[in-house]
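Novice:
In our numbering, the protein residues as written are 98 to 241.
1. Considering only residues of the same chain and omitting the five flanking positions on each side of residue 141, which have a CB-CB separation below 6 angstroms?
2. Less than 8 angstroms between the C-beta atoms of residue 167 and residue 119, yes or no?
3. Run through the region 146–228 for me and flag every whole beta strand (DSSP E) of 3 or more residues, listed as ranges in chain order.
4. I'd like the list of long-range same chain contacts for residue 162, defined as Cβ closer than 8 angstroms, with 5 residues on each side in sequence excluded.
5. Is residue 177 near residue 238, with beta carbons less than 8 angstroms apart?
6. Residue 208: which of 225, 132, 221, 188 sits nearest, CA to CA?
7. For the beta strand (DSSP E) containing residue 109, list its first residue and its last residue.
8. Considering only the beta carbon of each residue, do residue 221 and residue 191 sit closer than 8 angstroms?
9. Going by C-alpha to C-alpha distance, which of 195, 122, 205 sits closest to residue 172?
10. Candidates 112, 201, 175: which alpha carbon is nearest residue 232's?
11. Could you tell me whether the Cβ atoms of residue 224 and residue 111 are closer together than 8 angstroms?
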């Protein structure tokens, strides 16, 4: 079990709202597929627990719930310009992700820990993050 403390931020104004303690655990489930569990505890919201096949999937599930409350977590995994895919998702279990740079193929220096704290000005919704990722993919695909 791992844990980290991070700021909770209001999405509407990108201002700090509170802080939260994230705890996550990765195990194997039947029939041998990974299972990740993520719990969010804060004095200002009800405790939330989610599960998915990897840490990035868990964070996405948690963000869906937080977005209903106009909240996000100030970490790289919630940045509009980041996404976990390929080897960062398969080999690192979604614990690492790429910071996507417009028109540029990723390098190792673009890899970040999903729960690394970031400035709230980079945060967005899940749909904004996925749209940015799709746009980045299209740009890279057509530029090669």
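Backbone N, C-alpha and C define an ideal beta-carbon position, used for all residues, glycine too. Predicted, not measured: the structure shown is a model, and the values here were computed from it.
Specialist: According to the structure data:
1. 115
2. no
3. 168–170, 193–196, 208–210
4. 145, 147
5. no
6. 188
7. That residue, residue 109, is in no beta strand (DSSP E); it is neither H nor E in DSSP.
8. no
9. 195
10. 201
11. no
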